[in-house]
Amino acid sequence: MLGTMSACGQKESEPVKAVNVIYMIGDGMALPQVYAAMLASGEEMTFTEFPYIGVVDTRSASNDITDSAAGGTALAGDHKTNNAMLGMNPDSIPMMTVLEAMKAKGKETGIVVSSYVTHATPASFYAKVPHRKQYEDIAMQLAETENINLIIGGGRKHFNQREDSLNLIERMENELGWTVYDTLVDIDTTLKKVAVIANDNHMPKAAVRGNFLPSAVKTALRSLNGAENGFFLMVEGSQIDFACHANDSTWMMDEMMDFDYAVKVALDYAKKQGNTLVVVTADHETGGLTLPDPKGKYTDVVFDYSTGSHTCLPVLVFAYGPGAEQFTGWMQNTALKGKIMNACGYENLSDSIVDNPKPFKAVKVNLDSNRNN
Ligand SMILES: [Zn+2]
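Numbered per this note's numbering, the sequence shown spans residues 1454 to 1826.
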C-alpha cells in the first residue's frame, strides 16, 4: 500500500505504516473449519474479504503436531518451543513477545478471548512458564505484568480460588492498579488497566454466551481507539478448538460464526481507520476435519473427524491493511511477529533470529488408511 498523504511526515512514495494491529487467532482453525462453516451457513464469510492469504507451518520444536502452548508461543514470539511450554524457548530462555515489543514501543495493548484469560494461547503473549497447566503462576504473572492495558475473558477461579489462598482479584485492585470487572456491561473505557474476568471457568459455549466475543472486541476497540501511539490487540476464538476436540459440528459452527463476526468487527474498524493491520491465523488444526461424501456420489457432504486431538495440517493466515502484503506464501509460525513489527516500521527487537524450519520429525507416518473397515 502506498501513501498519498504526508500528514505523518511520510513522503508519498514511502509505504504507509500500521499504527494499530489486531492479531486474531482461531484456535484449531485450518481451511477445513473455515470452508465447513461457509458450506453449512451458506454465507461468504469475512475471511473471503482479505486481500492477502498465506500458509503457516505449525510444527513445534518438539513435535510435528503442536499444542496451543507451543503454537501460541511461536505466533507471539520468534522461536519454536516444545509442546506445553509458554513464552520461552526449549532451553527455558524467556522470549519477548510481539505484545511486549509493541508495549515497549509505546503502544497500548489488549487481549480478548473466550477461554480462561490464563489459557495457553492468551498466556503465550504475556506469561513465561515451563508448563501451560501452571494456571496459578500464569494468573500471578498476568496480575503483575505492566504490559497489558486491557484483558477480557474467563478463568476467575485461577485468581480467587487458589491453592495458595491468595485473592489475586483484590490484590490486582488494591495494589496493582487494575480495575477488575465481572461483566462487559458498563466498563469504563477511559481506564488504562482493566480486566474483565467474566466467568469462573472458560466462557460458556457460543450458543450460551451469545455475542460476548464480538462485543468484547467492540469494547476493546472503544477502549484502545485513540491511544497516542496506537495499539496492539490480540483476539482468540478459543473454543473452535474445544468443539473440534469434541467432534461436535454444531458447536464448531457456532464458534466459527462467532469468530467470523469478531473478525468482521475488526475488519470494519480497519477499513474505517486506514492505519490498522488485521492478521487472522490459527495455532493448529483440531479434529482432522474433512468434508467428504461418504456415498462417493458427489452430492452430499458430511463433516468427518479423524481424531479428537490436533493434527499437523498447516493453517492459513489472512491479512488486511498496511504491511499485509508480507503475509503471502509459505511461512513458519515464527515469522509472523517479525512481519507485524515490520508493518509498524519497527525492526524486530528481540534477541532472536527466526528459526529455520527444522527437519520433519514424523518417523511413524502410516500410509495405510485408518478407515479400512
Ligand atoms: Zn486443542
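Virtual Cβ for every residue (Gly too), placed ideally from N, Cα, C.
From which residue to which residue does the beta strand (DSSP E) around residue i run?
| i | result |
| --- | --- |
| residue 1561 | 1561–1569 |
| residue 1607 | 1603–1607 |
Compute the Euclidean distance between the alpha carbons of residue i and residue j, then round it to the nearest angstrom.
| i | j | result |
| --- | --- | --- |
| residue 1532 | residue 1787 | 6 Å |
| residue 1656 | residue 1690 | 11 Å |
| residue 1567 | residue 1491 | 22 Å |
| residue 1680 | residue 1560 | 7 Å |
| residue 1610 | residue 1623 | 13 Å |
| residue 1704 | residue 1665 | 15 Å |
| residue 1579 | residue 1636 | 22 Å |
| residue 1564 | residue 1746 | 39 Å |
| residue 1648 | residue 1752 | 49 Å |
| residue 1511 | residue 1671 | 29 Å |
| residue 1445 | residue 1587 | Outside the shown range of the chain (1454 to 1826) lies residue 1445, about which nothing can therefore be said. |
| residue 1539 | residue 1726 | 33 Å |
| residue 1695 | residue 1750 | 31 Å |
| residue 1473 | residue 1628 | 30 Å |
| residue 1547 | residue 1541 | 4 Å |
| residue 1534 | residue 1729 | 29 Å |
| residue 1592 | residue 1773 | 33 Å |
| residue 1738 | residue 1486 | 8 Å |
| residue 1782 | residue 1597 | 39 Å |
| residue 1481 | residue 1742 | 10 Å |
| residue 1616 | residue 1590 | 11 Å |
| residue 1620 | residue 1626 | 10 Å |
| residue 1790 | residue 1748 | 44 Å |
| residue 1528 | residue 1652 | 26 Å |
| residue 1556 | residue 1562 | 7 Å |
| residue 1828 | residue 1571 | Nothing can be reported for residue 1828, as the shown portion of the chain is limited to 1454 through 1826. |
| residue 1805 | residue 1493 | Confidence at residue 1805 is low in this model, with a pLDDT of 47, below 50, so the placement of that residue is unreliable and no value is reported for it. |
| residue 1441 | residue 1688 | The first residue shown for the chain is 1454 and the last is 1826, placing residue 1441 beyond what the model contains. |
| residue 1676 | residue 1642 | 4 Å |
| residue 1798 | residue 1470 | 6 Å |
| residue 1714 | residue 1667 | 6 Å |
| residue 1630 | residue 1600 | 13 Å |
| residue 1523 | residue 1632 | 30 Å |
| residue 1468 | residue 1658 | 42 Å |
| residue 1536 | residue 1514 | 8 Å |
| residue 1669 | residue 1663 | 11 Å |
What does residue i pair with, by DSSP beta-bridge criteria?
| i | result |
| --- | --- |
| residue 1507 | 1770, 1782 |
| residue 1549 | Partner(s): none; residue 1549 has no beta bridge. |
| residue 1738 | 1764 |
| residue 1634 | 1649 |
| residue 1727 | DSSP output for residue 1727 lists no bridge partner at all. |
| residue 1757 | 1743 |
| residue 1541 | 1547 |
| residue 1716 | Residue 1716 is not bridged to any residue. |
| residue 1732 | 1476, 1772 |
| residue 1469 | DSSP output for residue 1469 lists no bridge partner at all. |
In the DSSP assignment, find the unbroken alpha helix (DSSP H) run with residue i in it and report its ends.
| i | result |
| --- | --- |
| residue 1627 | 1621–1627 |
| residue 1689 | Where residue 1689 is concerned, there is no enclosing alpha helix (DSSP H), although the beta strand (DSSP E) it sits in stretches over 1684–1690. |
| residue 1588 | 1588–1597 |
| residue 1476 | From DSSP, residue 1476 is part of no alpha helix (DSSP H) but of the beta strand (DSSP E) over 1473–1479. |
| residue 1530 | Residue 1530 -> no alpha helix (DSSP H), and no H or E assigned at all. |
| residue 1487 | 1484–1494 |
| residue 1498 | No alpha helix (DSSP H) contains residue 1498, which DSSP labels as neither H nor E. |
| residue 1558 | Per DSSP, residue 1558 belongs to no alpha helix (DSSP H) and is neither H nor E. |
| residue 1613 | 1610–1613 |
| residue 1792 | 1789–1796 |
| residue 1576 | 1573–1576 |
Would you say the beta carbon of residue i is closer than 7 Å to some non-hydrogen atom of ligand 3?
| i | result |
| --- | --- |
| residue 1670 | As far as ligands go, the structure on display features ligand 1 and does not contain ligand 3. |
Open item on the list: Under 7 Å, CB to any heavy atom of ligand 1. Which residues pass, going along the chain?
Closed with: That query returns the following residues: 1480, 1481, 1520, 1521, 1694, 1698, 1739, 1763.
Task: Whole runs of the beta strand (DSSP E) within the stretch 1644–1676, excluding any shorter than 3 residues - done: 1647–1650
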